[in-house]
Amino acid sequence: MTVANGAVSGFTGSGTTYNFTVTPTATGNVTVDVPAATATDTAGNNNTAATQLVRTADITAPTVALTSTSPTTTNAPFLVTATFSESVTGFIASDVTVANGTVSGFTGSGT
Numbered sequence: 001m002t003v004a005n006g007a008v009s010g011f012t013g014s015g016t017t018y019n020f021t022v023t024p025t026a027t028g029n030v031t032v033d034v035p036a037a038t039a040t041d042t043a044g045n046n047n048t049a050a051t052q053l054v055r056t057a058d059i060t061a062p063t064v065a066l067t068s069t070s071p072t073t074t075n076a077p078f079l080v081t082a083t084f085s086e087s088v089t090g091f092i093a094s095d096v097t098v099a100n101g102t103v104s105g106f107t108g109s110g111t
């Protein structure tokens, strides 16, 4: 077996079924291959090559940038935009920490 961009652990099995965990090592394609002639049946026949399995790993944490068009010094409510580097879920108003103010009008699309 050959795994690109991943590490194999927990390899178990016997007979016709084997299981293992592949942990991606970087963002990008993770491929798993079983070449021909890596296993043999009781009659001495070698296996054929498996069709390559490909999964895309995303192990890069999203970044967030805060922007506002309000003046640096203000005494009025102002709009803040949080822009993430990729779509996120679970971001809610209580995740925002504001000193000397409160969060209101919190909206978002997740895209």
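Quick note on the numbering used here: the sequence shown kicks off at 1 and runs consecutively. Even for Gly, the Cβ is constructed at its ideal location relative to N, Cα and C.
- Runs of the beta strand (DSSP E) lying entirely within the segment 25-51 and spanning at least 3 residues, in chain order: 28-33.
- In terms of Cα proximity to V30, the closest of T69, A57, S14 and Y18 is A57.
- Under the criterion of beta carbons closer than 8 angstroms, F20 and G6 do not qualify as touching, at roughly 10 angstroms.
- Under the three-state reduction of DSSP, S94 is assigned to helix.
- Nearest C-alpha to G108 among A43, A39, S87 and N45: S87.
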